[in-house]
Amino acid sequence: MEKITDIIESIANEKGLEPADVKERVKTAFIQTAKRLFGEEYLYDSEVDPQTKRVKLYQKVHVVADDDERLGDHNFIALSEAKKIGENAEIGDELSYEINIENLGRTASGVLARELNFHIQRLLEEKIFENYKSKVGTLTHGTVTKIDHDGTTYVEIEDTKAFMPLKNRIKGENFKVGDVLQAVIKNVAIDKSHGIRLELSRTSPKFLEALLAAEVPEIKDGSVIIQACARIPGRRAKIALSVVSPNVDPVGATVGKGGARIDAVSKFLSKNLQDGSGGESIDAFEYSASPEILITRAMAPAIVNSVKITQDGKAIVYVNPDQKSKAIGKNGLNIRLASMLCGCEIELIETGSASEKKVSKEEGLKNLEALFGEL
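If you read the sequence shown in UniProt numbering, its first letter stands for residue 1, the second for the next number, and so on.
Right under this line is the structure:
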């Protein structure tokens with residue numbers, strides 16, 4: 001093939017690929033073509049000649065002793081035979097025979113064309129895969145192209161096909177073909193039949209985090225950090241925030257003046273809901289490395305008397321009887337979210353109830369220190 005280096009540069013420029021990567025795939029395509037034409041049992045190699053700008057294809061054989069038991073294999077040649085080709089041949093040398101597939105006519109050209117197309121396409125997919133793999137958990141948007149009978153929503157993002165299963169859609173949301181859909185990239189895979197498989201989600205906590213980063217400059221620039229996030233999509237969410245600088249109020253910055261920032265995110269999450277619900281409310285509070293303090297804050301709006309962490313990691317939360325319903329929340333949402341965010345099972349005990357265990361003076365002091373620091 002004449003001027004293959006020019007073709008490599010042309011493909012690289014057109015597809016946005018590195019010439020060196022295209023060159024390697026072209027060499028692979030030639031080797032695979034040789035295997036299809038001459039047999040898989042032979043060893044092949046190829047190289048691009050910078051002078052002639054052609055791809056040179058070779059069959060390789062290894063030089064072995066005349067009595068070597070491997071001589072029945074096509075990939076080995078006896079030393080005595082090798083010396084007829086080159087008198088300096090030695091055991092362990094590798095001999096190469098150039099193959100010219102251009103002389104084999106249309107059949108060879110057709111096979112080579114298919115191999116070139118296949119390997120360049122795989123290179124493109126790998127590039128797209130690596131690009132999107134680095135973006136898992138980040139916000140993206142595209143146009144809805146199809147919704148199948150299972151409720152899976154298909155989205156076109158630039159030149160890439162993406163899909164969002166029904167389970168990744170907020171309950172009550174409704175989309176139609178032509179809508180612009182915003183979601184986070186949940187997973188990226190390469191499927192042999194369908195190529196790149198880009199899975200989107202609007203139910204992942206990462207979706208809420210990405211929306212907050214887009215709305216709150218302090219989160220975007222890293223001065224406010226979302227340490228933990230838990231959601232029951234479309235209904236309620238809790239986020240624990242920390243700061244790099246003590247001069248920044250993480251909750252105030254995230255909520256915004258008059259709640260403007262967090263309300264904007266909540267409103268965005270509810271705009272596609274068709275069930276008439278009020279959308280997803282978001283509770284924001286300051287993170288603490290102390291499990292007891294973190295759980296206490298996560299249980300808001302309930303006022304917690306004390307928290308005890310058991311040896312098996314379970315959290316025993318003590319509340320007054322009038323706070324129990326707040327701690328549990330409507331349909332159990334509050335305690336469920338607090339448990340999700342803190343990563344532990346939470347058991348409520350009413351202070352003064354028959355089921356409450358007596359707390360010793362030492363245990364009480366320990367709980368106070370956990371909440372308010374060393375006394």
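We put the beta carbon where it would ideally sit given N, CA and C, even for glycine. Computed from a predicted model, the values in this text were never measured in an experiment.
Spatial distance of residue i from residue j (CA atoms)
i, j, result
"E130", "L124", "10 Å"
"E347", "A183", "35 Å"
"F30", "V22", "13 Å"
"G329", "I196", "42 Å"
"C229", "V26", "47 Å"
"G16", "I8", "12 Å"
"I226", "Y44", "54 Å"
"M1", "S193", "Residue placement at M1 cannot be trusted, given a pLDDT of 47 that sits under 50; the coordinates are not used to answer."
"Y58", "V48", "12 Å"
"V317", "N334", "13 Å"
"S339", "T152", "30 Å"
"A108", "I170", "53 Å"
"K127", "I282", "37 Å"
"F268", "R202", "12 Å"
"K35", "E102", "15 Å"
"E115", "P233", "46 Å"
"D6", "S134", "32 Å"
"I4", "L112", "13 Å"
"A20", "F118", "17 Å"
"K56", "N187", "41 Å"
"T28", "S46", "8 Å"
"A302", "D150", "40 Å"
"S242", "S288", "8 Å"
"P250", "D322", "30 Å"
"R236", "V180", "24 Å"
"E40", "P50", "28 Å"
"residue 382", "D221", "With the chain covering only 1 through 375, there is no way to say anything about residue 382."
"N75", "Q32", "17 Å"
"G105", "E14", "28 Å"
"I11", "G110", "19 Å"
Backbone secondary structure at residue i - three-state DSSP
i, result
"C344", "coil"
"E362", "Confidence in E362 is poor, its pLDDT being 44 and thus under 50, which makes the residue's placement unreliable; the coordinate value appears in the next sentence. Three-state DSSP puts E362 in a helix."
"Q51", "coil"
"L200", "strand"
"T160", "strand"
"N117", "helix"
"S290", "coil"
"I85", "helix"
"I328", "helix"
"S242", "strand"
"Q323", "helix"
"A284", "strand"
"D6", "helix"
"I269", "For the record, residue 269 in the displayed sequence is Leu; it is not Ile. Looking at L269 - three-state DSSP - the assignment turns out to be helix."
"G373", "Low local confidence applies: a pLDDT of 49 at G373 is under 50, so the model's placement there is unreliable, and no value is given."
"I335", "helix"
"N13", "helix"
"A237", "strand"
"T140", "strand"
Beta-carbon separation (whole angstroms), residue i vs residue j, contact threshold 8 Å
i, j, result
"E350", "K314", "Rounded, the Cβ-Cβ distance is 17 Å, inconsistent with contact."
"R261", "E215", "5 Å"
"V255", "S223", "That pair is no contact at about 15 Å."
"S270", "E286", "With a Cβ gap of about 26 Å, S270 and E286 do not count as contacting."
"T140", "I185", "6 Å"
"F163", "E199", "6 Å"
"residue 386", "V64", "Since the first residue of the chain shown is 1 and the last is 375, residue 386 is not available in this structure."
"I157", "G142", "4 Å"
"L294", "C342", "6 Å"
"N305", "V319", "6 Å"
"T145", "Y154", "5 Å"
"L211", "V177", "Actually they do not touch by this definition, with Cβ atoms about 24 Å apart."
Among the options, the one whose alpha carbon lies nearest that of residue i
i, options, result
"I190", "Q121, E87 and V216", "Q121"
"K326", "A298, C344 and M340", "A298"
"D312", "R54, K257 and E345", "E345"
"E94", "I85, I101 and S10", "I85"
"residue 411", "G234, P165, S288 and E41", "No answer is possible for residue 411: it lies beyond the span of the chain, which begins at 1 and ends at 375."
"L337", "A240, I303, N247 and S290", "A240"
"K206", "E173, N168 and D179", "N168"
"G92", "N100, P246, D68 and R106", "D68"
"K238", "A300, V180 and G252", "A300"
"R231", "E41, A284, E40 and V248", "A284"
"E98", "L79, T296 and R54", "R54"
"S80", "G110, N88 and S96", "N88"
"I219", "T310, G105, A253 and E90", "A253"
Below-8 Å beta-carbon distance, residue i vs any chain D residue
i, result
"R336", "The structure shown contains no chain D; it holds only a single protein chain."
Pairs of beta-carbons, one from the stretch 252 to 267 and one from the stretch 212 to 226, closer than 8 Å: are there three or more?
The stretch 212 to 226 and the stretch 252 to 267 touch, with three or more beta-carbon pairs separated by less than 8 Å.
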